[in-house]
Amino acid sequence: MSSEAKPLSGLRVLIPRGGTWGDLVSMALREQGAHTVISPLVDFAHTSEEEKLVAALKDLEAGRFDWLTATSSTVADVLKHHNAVIPPDTQVALVGEATEVAFRDAGYPITRTPSDENSTQALLEEWDEIDTGEVLKVLTLRSDVAIPVLTEGLISRGHDVTPVLAFRTVGVPASVHTIEDIESGRINVLLVASAKIAQEVAAQFPNLPEDTIVACVGVNTLEAAAAVGLPDDASDPSHPDYAKKRAVIETVESVIDQSDMLD
């Protein structure tokens, strides 16, 4: 496909997260013709449940869990930071391409991922072992801002779940250069991929140019963006930028589900 024929040709898109997530999203958008600028507006900090996390990781190493779950690539970083050991008999269920890449790069095993739609709900529907009637001991590791869809799904099925906040999501100030690029309109699209990112965009860029496209991924993100007053003009099919906005969102969703914003 020539660059002229690509749906995002000529667009400059701000990628608001770094790491494996940012690299995968950036690559996917570039393949569709976009120019990407990775400028993290969020980062990850030590959990407020450090003692609980350390105790859970000791139990993990001792083989007291049947399963470990993660839906964020950052969980792999947390495990590496703590030199965590996943014993051979403990199985690992993951959601999200970035999560899989991070676990693989860290040398951790992967037992189960959704086969088709890469989402938390798809994992729950396809995870045969959780519907046998056997009560499983499961350690779920997630962010402090994540909605515990996977945790609650396992608890509702009667399993013995230990949910632990593995890390906190915190805001990061954009660079002066990034602010100038946004306020001047040199960045055409702001990718908003979580409620926290929506809050940071609203707080850090109060004077967005009228033609800047704000592309929100996920219903929860869209609701959070509306709550903080981010514009949503291009969501109207009659808007001239509607097709570009949908192309950005669909491209992002093709590689990154909302999973690491959920659990």
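In terms of the working numbering, the sequence shown is residues 1219 to 1481.
Here a beta-carbon is modelled for each residue, glycine too, at the ideal position from N, C-alpha and C.
**Cβ contact (3+ pairs, closer than 8 Å) linking the segment 1309-1323 and the segment 1280-1296** = yes
**Message:** Comparing C-alpha positions only, which one of 1414, 1356, 1237 and 1394 sits nearest to residue 1323?
**Reply:** 1237
**Message:** If contact is defined by three or more beta carbon pairs under 8 Å, each pair taking one atom from either stretch, is the segment 1235-1251 in contact with the segment 1266-1286?
**Reply:** no
**Asked** alpha helix (DSSP H) containing residue 1464: first to last residue?
**Response** 1460-1473
**Item:** Neighbourhood of residue 1423 by C-beta distance below 6 Å, restricted to the same chain and skipping five residues each side
**Value:** 1400
**Prompt:** Exposed or buried, what is residue 1308 when buried is set at 16 or more other beta-carbons lying within 10 Å of its beta-carbon?
**Reply:** buried
**Request:** Give a yes or no on whether the C-beta atoms belonging to residue 1389 and residue 1259 are separated by under 9 Å.
**Result:** yes
**Prompt:** How long is the line joining the alpha carbons of residue 1312 and residue 1429, rounded to whole angstroms?
**Reply:** 38 Å
**Request:** Can you check the segment 1357-1420 for any beta strand (DSSP E) of at least 3 residues that lies completely inside it and give the ranges in chain order?
**Result:** 1378-1389 and 1407-1410
**Prompt:** What residues match up with residue 1286 in a beta bridge as DSSP calls it?
**Reply:** 1310 and 1357
**Asked** So, helix, strand or coil for residue 1443, using DSSP?
**Response** helix
**Prompt:** Cα separation between residue 1464 and residue 1378?
**Reply:** 40 Å
**Asked** Does DSSP classify residue 1423 as helix, strand or coil?
**Response** coil
**Request:** Please check the pair residue 1473 and residue 1433, which I expect to be a contact at CB under 8 Å, by giving their CB distance rounded to whole angstroms.
**Result:** Rounded, the Cβ-Cβ distance is 14 Å, inconsistent with contact.
**Asked** Are the segment 1396-1410 and the segment 1246-1261 in contact at 8 Å, needing three or more beta carbon pairs?
**Response** yes
**Asked** Quick one: what's residue 1262 bridged to in DSSP?
**Response** 1387
**Item:** Cβ-Cβ distance between residue 1343 and residue 1330 below 9 Å
**Value:** no
**Asked** Just the Cα atoms here: how many angstroms apart are residue 1369 and residue 1278?
**Response** 17 Å
**Request:** Alpha carbon to alpha carbon, how far is residue 1382 from residue 1274? Give it in angstroms, no decimals.
**Result:** 8 Å
**Message:** Rounded to the nearest angstrom, what separates residue 1452 and residue 1252 at their Cα positions?
**Reply:** 18 Å
**Asked** Does the Cβ of residue 1360 have 16 or more other Cβ atoms within 10 Å, making it buried, or fewer, making it exposed?
**Response** buried
**Prompt:** For residue 1272, which residues does DSSP report across the bridge?
**Reply:** Beta-bridge pairing links residue 1272 to no other residue.
**Message:** Taking the alpha helix (DSSP H) that residue 1248 belongs to, which residues open and close that run?
**Reply:** 1237-1249
**Request:** Take residue 1363 and list the residues in its own chain whose beta-carbon comes closer than 6 Å to its own, dropping the five residues that flank it on each side.
**Result:** 1387 and 1414
**Prompt:** When burial is assigned at 16 or more other CB atoms within 10 Å of the CB, is residue 1353 buried or exposed?
**Reply:** exposed
**Prompt:** Between the C-alpha atoms of residue 1270 and residue 1425, what's the straight-line distance to the nearest angstrom?
**Reply:** 42 Å
**Message:** Just to confirm the assignment, what range does the beta strand (DSSP E) spanning residue 1232 have?
**Reply:** 1230-1233
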